[in-house]
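Colleague:
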Amino acid sequence: GEGAGEAGGGGGAGAGSSSKSGKTGKQDPKAAGGAGGAGGGASGGGAGGDADSSEEAAKLKTRLEKLQVTHLTLQRELQRAEQMLKAQSAINEDQSAEIAELTAQLSDGAATLRAKLNDYKSLAEKRLARCTSLEAQVKQLMYDARRGRGRGGRG
Numbered sequence: 001g002e003g004a005g006e007a008g009g010g011g012g013a014g015a016g017s018s019s020k021s022g023k024t025g026k027q028d029p030k031a032a033g034g035a036g037g038a039g040g041g042a043s044g045g046g047a048g049g050d051a052d053s054s055e056e057a058a059k060l061k062t063r064l065e066k067l068q069v070t071h072l073t074l075q076r077e078l079q080r081a082e083q084m085l086k087a088q089s090a091i092n093e094d095q096s097a098e099i100a101e102l103t104a105q106l107s108d109g110a111a112t113l114r115a116k117l118n119d120y121k122s123l124a125e126k127r128l129a130r131c132t133s134l135e136a137q138v139k140q141l142m143y144d145a146r147r148g149r150g151r152g153g154r155g
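Going by full-length UniProt numbering, the sequence shown opens with residue 1, and the numbers climb by one from there.
In structure tokens form, the structure reads like this:
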């Protein structure tokens with residue numbers, strides 16, 4: 001008996017919660033009471049229908065208040081999340097700009113280093129050629145000195 005009454009009351013809660021009175025946003029007691037009374041009538045408690053409907057209205061009011069609090073809490077969390085997302089987006093944009101700048105500097109630095117490396121390589125090759133030339137001259141002078149010509153002995 002009571003299980004059927006509660007099931008009927010639950011159905012009434014769904015119907016009653018959708019009807020609101022005027023601008024206040026509060027439930028219409030007649031709509032909730034009528035649906036709750038129908039549920040109470042199904043359980044055989046015709047005289048107790050008014051008590052059931054007021055109890056059901058109180059439950060619905062409590063449930064509505066909890067849902068409103070939950071809704072406000074979720075709205076605040078959503079706003080906080082949106083603010084955090086905006087802040088994170090700004091940080092990401094700043095970091096992207098900084099990364100682009102550093103990448104450009106790195107590319108410029110790498111090009112400069114390659115140019116310096118090529119300059120040093122060229123200089124080293126010139127110095128190597130000069131060393132080879134001087135070694136050949138020293139060998140020639142030593143050869144000439146051994147043959148007895150000396151420095152002025154040529155010609």
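Just so it is clear, CB atoms sit at the ideal spot from N, CA and C, and this is done for glycine as well.
State the DSSP-derived secondary structure class of Gly148, mapped to helix, strand or coil.
Modeller: Position 148 of the sequence shown holds residue 148. Note: Gly148 maps to coil in three-state DSSP.
Colleague: Taking only the alpha-carbon atoms, compute the straight-line gap between Arg114 and Thr132 and give it to the nearest angstrom.
Modeller: Stepping through the sequence shown from its first residue, residue 114 is reached at position 114. Stepping through the sequence shown from its first residue, residue 132 is reached at position 132. C-alpha separation (whole angstroms): 27 Å.
Colleague: By a C-beta neighbour count over all protein chains shown, 10 Å radius and 16 as the cutoff for buried, is Ser53 buried or exposed?
Modeller: In the sequence shown, the residue the question calls residue 53 occupies position 53. The residue is buried, with at least 16 neighbouring Cβ atoms inside 10 Å.
Colleague: I'd like the list of long-range same chain contacts for Gly148, defined as Cβ closer than 6 Å, with 5 residues on each side in sequence excluded.
Modeller: Here the question's residue 148 lines up with position 148 in the sequence shown. None.
Colleague: Given that a residue counts as buried once 16 or more other Cβ atoms are within 10 Å of its Cβ, and exposed if not, what is Ala57?
Modeller: In the sequence shown, counting from the first residue as 1, residue 57 sits at position 57. The residue in question, Ala57, is buried, as its Cβ has 16 or more Cβ neighbours within 10 Å.
Colleague: Given a threshold of 16 other Cβ atoms within 10 Å of its Cβ, counted over all protein chains shown, does Leu60 qualify as buried or as exposed?
Modeller: In the sequence shown, counting from the first residue as 1, residue 60 sits at position 60. Buried, by the Cβ-count rule.
Colleague: Taking 7 Å as the limit between beta carbons, can you name the residues of its chain near Ile99, skipping five residues before and five after?
Modeller: As a first step, residue 99 must be located in the sequence shown, where it is residue number 99. Answer for Ile99: no residue qualifies.
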